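Taking our numbering, the leading residue of the sequence shown gets 1166, the next gets one more, and so forth. Beta carbons are placed, not taken as given, at the ideal position from N, Cα and C, and that holds for glycine. It should be emphasised that the depicted structure is a prediction, and the values quoted were computed from it without experimental measurement. Reading through the structure tokens given below for one structure.
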Amino acid sequence: MSTPMRRAFFRAKAATVRAKAGSFHRELLANERLAPDEFAQMQNRLARDIAAFAMDSSPFYGRHYGELGIRPDSLTDPEAWAALPILDRATVKQHAAEFRTAEATDANARPALTGGSTGEPLATFHDARVPSLALSWRMYSWWGVEPSDDLARVGRWNFGRLATLKNDVAWWPTKQVYLDAGLISAQTMETFHRQLMATRPRLIEGYVGAMLEFADFLERRKLSVPAPTAIATTAAPLTASVRTRLESVFGAPVYDEYRGSEFGWIAGECGHRDGLHVFADVRRVEVVDEDGAPAAPGQLGDLVITDLRNRVFPMIRYRTGDKGILRAEPCRCGRALPLMEQPQGRTTDLIRLPSGTVLAHRLMGMFAAHPEAVRLFQIHQLSDYSIVIRVVVGEGAQARDQIESAVTSLRERIANEVPVSVEYVDALPYTGGKTKYIISDVATSS
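Structure (structure tokens):
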């Protein structure tokens, strides 16, 4: 089917069977063109409304906020909002049954399971009445991709043949092909390659680790794929070297996304690729210090997120475990959506030294001066505090010298307090397509 016909079919669906998603998509596109003060007022109203609803309808918030004397009508005041208690994973896990509201039903409460990369899996619920696909449609349009365009995904997709068939029917005439990142093998990648050749998707979207695995497969087999309009990555830091690597193999610009299992889409790059636009009309993203005090723009801190649209399992001021930085300046694209920098890794991604010194962030930038020297790397601290840097060498002419220089700089940074060694490897281990880039085996008091 031709592209114009496929787009006509999509518009017809967006006006009928997907009318709610189509309407939400139009709302989102209008929101990003609001004046800054209008946008702020809209977000404050949504935040106040979800907090007031949670107090009235969720047993947890009704009790928790009630005990603190919180009044919903005061929450448009930034100081009053910042005084709301911050939730952590343990609290949500312990009281999960009390988070559900009176509106939650088996039909509209969609289970959301985290992968447990922190060692503590969590089960929450998304509000299925919110057509969250519209968020991706808006983001894709920034890259020149239409919702009706064929696409390919490399991620978790283990729903079986029946679910796959239902998905194919729901999206027809648009085609979507999948590589299950949890079941990657030579055979599954061969199948995926054939599907890409037949479908020629305009977007390939996937977990960083699995995308790199597929890129390596293509190079080993001396294969190529039709260049898409865009590549999108998520589930791990998109370093400069990884971006360069994927762009070289797939022949298309790579865009970064930020998602969380508890929320879905949170932020994404626009065509300028200079920071990620926060989807602030559906998520309120804050950065706080260890004590929960607001961090200034440009200051690194813990990411605290509120889902402004989830009325079945409200998540209000939830500390995600990720670290990040909000920017003060707007993007030159003119969109009202604020900017954040790429998340800097999880708060649990720490390197601790015997002296008590903690390297809490910016470790992912240790090779930033020479991104061509490294295709991928992992920092592993062993239980004796020694550090191993595993590196998949890049194609730079002086790659090994530059790697050794960066590692020497790390040794100097920590004053040689513990041994730091380099281990050159062909690939890094990953689980379900996700690679953990900082690992520490050092026991902590917590």
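Asked, Found
"Option in Ala1397, Glu1355 and Ala1401 with minimal Cα separation from Glu1384", "Glu1355"
"Exposed unless 16 or more other CB atoms sit within 10 angstroms - verdict on Ala1571", "buried"
"Length at least 3, wholly inside the stretch 1339-1391: the beta strand (DSSP E) runs in chain order", "1341-1345 and 1368-1372"
"When Lys1601, Pro1243, Phe1189 and Val1539 are compared against Gly1545, the one with the closest alpha-carbon", "It should be noted that the sequence gives His, not Gly, for residue 1545. Measuring from the Cα of His1545, the nearest candidate turns out to be Lys1601."
"Extent of the continuous beta strand (DSSP E) to which Phe1290 belongs", "Ala1288 to Asp1292"
"Exposure label - Asp1549; buried when at least 16 CB within 10 Å", "exposed"
"Which listed residue (Ile1235, Arg1565 and Pro1393) has its alpha carbon closest to that of Val1539", "Arg1565"
"Beta-ladder partner(s) of Asp1472, from DSSP", "Arg1448"
"Three-state secondary structure assigned by DSSP to Asp1454", "coil"
"8 Å Cβ shell around Gln1613 - same chain, five flanking residues per side excluded", "For the chain, the structure presents residues 1166 to 1611; residue 1613 sits outside this window and is missing."
"Distance CB(Thr1398)-CB(Val1419) smaller than 8 Å", "yes"
"Burial state of Tyr1589, where buried means 16 or more other Cβ atoms lie within 10 Å", "exposed"
"Other residues of its chain near Leu1300: CB distance less than 8 Å, five sequence neighbours each side excluded", "Leu1193, Gly1429, Trp1430, Phe1444 and Val1447"
"Top-ranked residue by Cα proximity to Lys1340, from Ala1219, Tyr1423, Pro1366 and Ala1534", "Pro1366"
"Minimum length 3: unbroken beta strand (DSSP E) runs contained in the stretch 1516-1574", "1539-1546 and 1552-1558"
"CA nearest to the CA of Leu1287, picked from Ala1277, Ile1604 and Gly1521", "Ala1277"
"Residue span of the alpha helix (DSSP H) that contains Ser1413, given as start and end", "Ala1405 to Phe1415"
"Minimum Cβ-Cβ distance from Val1558 to chain D less than 8 Å", "In summary, chain D is missing from the structure at hand, where a single protein chain is found."
"Nearest to Gln1563 (by Cα), restricted to the options Val1585, Ile1579 and Phe1532", "Phe1532"
"Terminal residues of the beta strand (DSSP E) in which Pro1224 lies", "Looking at the DSSP string, Pro1224 is not in any beta strand (DSSP E); the run it does join, the alpha helix (DSSP H), is Pro1224 to Glu1232."
"Among Leu1504, Phe1204, Glu1412 and Ala1274, nearest to Glu1494 - alpha-carbon criterion", "Leu1504"
"Beta-carbon contacts of Ala1460 that lie in its chain and below 7 Å, excluding the five residues immediately before and after", "Val1452, Val1453, Asp1454 and Gly1466"
"Collapsed DSSP secondary structure at Met1246 in the structure displayed", "Note on identity: in this sequence residue 1246 is Trp, with Met being the wrong assignment. Residue state, collapsed to three classes: helix."
"Inter-residue spacing [alpha-carbon to alpha-carbon] between Gly1522 and Ser1586", "Note that residue 1522 is Thr in the sequence shown, not Gly. Approximately 19 Å, taken between the alpha carbons."
"DSSP-derived helix/strand/coil call for Met1207", "helix"
"Proximity to Gly1440 [Cα-Cα], best of Leu1411, Gly1489, Leu1468 and Val1407", "Gly1489"
"Whole-angstrom distance between Pro1250 and Phe1225, CA atom to CA atom", "12 Å"
"Residues of its chain near Phe1382, where Cβ-Cβ distance is below 6 Å and the 5 sequence neighbours each way are ignored", "Met1354"
"Best match in Val1557, Val1257, Leu1518 and Gly1436 for proximity to Arg1109 [C-alpha to C-alpha]", "Since the first and last residues shown for the chain are 1166 and 1611, residue 1109 lies out of range."
"For Ile1481, the three-state DSSP class (helix, strand or coil)", "coil"
"Straight-line Cα distance separating Ile1470 from Met1480", "8 Å"
"DSSP-derived helix/strand/coil call for Arg1265", "coil"
"Through-space distance from Ala1205 to Ala1501, alpha-carbon basis", "9 Å"
"Under 8 Å between C-beta atoms of Ser1239 and Ala1245", "yes"
"Any beta strand (DSSP E) of 3 or more consecutive residues that is wholly inside the stretch 1296-1320", "1316-1320"
"For Ser1426, the three-state DSSP class (helix, strand or coil)", "coil"
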